[in-house]
Amino acid sequence: MPDPLEGPRDAAMLCTRCHLHGPASRTVFGEGRADAKLVFVGEQPGDQEDLQGRPFVGPAGQLFDTILGEVGIDRSETYVTNSVKHFKFEPRGPRRIHQKPDAGEVQLCRWWVDKEIALIRPKLLVALGATAAFSLLDRTVGIMRERGSIHKRGKDGMPVLLTYHPSFLLRIRDEADKARQRANFASDLAQARDWLAANA
Ligand code: URA
500 MPDPLEGPRD
510 AAMLCTRCHL
520 HGPASRTVFG
530 EGRADAKLVF
540 VGEQPGDQED
550 LQGRPFVGPA
560 GQLFDTILGE
570 VGIDRSETYV
580 TNSVKHFKFE
590 PRGPRRIHQK
600 PDAGEVQLCR
610 WWVDKEIALI
620 RPKLLVALGA
630 TAAFSLLDRT
640 VGIMRERGSI
650 HKRGKDGMPV
660 LLTYHPSFLL
670 RIRDEADKAR
680 QRANFASDLA
690 QARDWLAANA
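In our numbering, the protein residues as written are 500 to 699.
Structure (structure tokens):
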């Protein structure tokens with residue numbers, strides 16, 4: 500079967516819609532099944548993703564994979580992408596320090612995210628963190644307050660489940676808090692699994 504995402508993926512490799520394409524190594528487009536029922540949307544590629552050209556393969560992606568496995572979601576059955584397709588960073592010596600994309604960058608890159616969603620037509624979108632929530636719902640979301648809730652997109656009526664970004668878990672120092680927030684994240688992913696079982 501021809502891959503409907505191939506054309507957009509190729510076109511996105513040449514994207515110059517915003518200035519982030521300059522310093523980044525490459526466009527990191529989404530990856531996974533073109534007929535996925537479940538689409539995960541993150542923020543932007545990190546250092547490892549920029550180098551490898553694949554979403555969620557660095558430390559946050561590895562934690563994401565582990566927790567997906569724990570709740571019984573097979574990543575290869577899903578589609579995983581980002582709100583912004585280029586790595587935004589500040590060079591500091593030999594290191595590249597992650598910079599959060601701003602609203603304008605997210606809005607410009609939404610053109611690609613919406614194309615991915617329109618072609619895949621999943622049953623459920625999962626926003627990993629506030630940037631993804633803004634990209635998908637076009638409003639500011641308080642993730643701590645709203646995680647675990649499902650909202651319908653105005654533009655296509657598609658449901659969006661809000662949850663944390665996995666890198667948030669990596670930044671928590673306090674072990675008890677880390678365990679609590681990890682359990683919340685796992686519970687949100689399990690909710691996505693159960694919602695699909697009931698609705699897809
Ligand atoms: N964080 C993201 O939001 N996306 C990635 O692909 C990697 C880290």
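Cβ coordinates follow ideal geometry from the N, Cα and C atoms, glycine included.
Distance CB(Pro-665)-CB(Leu-623) smaller than 7 Å: Along the sequence shown, read from residue 1 onward, the residue named residue 665 stands at position 166. Along the sequence shown, read from residue 1 onward, the residue named residue 623 stands at position 124. For Pro-665 and Leu-623, no; Cβs fall outside 7 Å.
beta-carbon Ala-559 near ligand 1 non-hydrogen atom, thresh 6 Å: Start at 1 with the first residue of the sequence shown, and residue 559 comes out as number 60. A heavy atom of ligand 1 is found nearer than 6 Å to the CB of Ala-559.
Distance cut-off 6 Å: Ser-530 Cβ against heavy atoms of ligand 1: As a first step, residue 530 is located in the sequence shown; it is residue number 31 there, counting from the start. Correcting the residue identity first, residue 530 is Glu in this sequence and not Ser. Annotation for Glu-530 indicates a beta carbon at 6 Å or more from all heavy atoms of ligand 1.
Cross-strand partners of Thr-662 (DSSP beta bridge): Locating residue 662 in the sequence shown gives position 163, where the first residue counts as 1. In DSSP, Thr-662 forms a bridge with Leu-627.
Bounding residues of the alpha helix (DSSP H) (the contiguous stretch that carries Pro-558): On the sequence shown, position 59 is the one that residue 558 refers to. Pro-558 -> alpha helix (DSSP H) spans 558 to 570.
Per-residue burial, Thr-565 [other beta carbons within 10 Å of its own, 16 or more giving buried]: If you number the sequence shown from 1, residue 565 lands on position 66. It counts as exposed.
Per-residue burial, Ile-619 [other beta carbons within 10 Å of its own, 16 or more giving buried]: As a first step, residue 619 must be located in the sequence shown, where it is residue number 120. By the neighbour-count rule (16 or more Cβ atoms within 10 Å), Ile-619 is buried.
Cβ separation of Gln-543 and Pro-507, assumed to be a contact under 8 Å, to the nearest whole Å: Here residue 543 corresponds to residue number 44 of the sequence shown, with the count starting at 1. Here residue 507 corresponds to residue number 8 of the sequence shown, with the count starting at 1. The Cβ separation is near 18 Å, so there is no contact.
Those runs of the alpha helix (DSSP H) which lie wholly inside the region 512 to 546 and span at least 4 residues: Fully enclosed alpha helix (DSSP H) runs of 4 or longer: not present.
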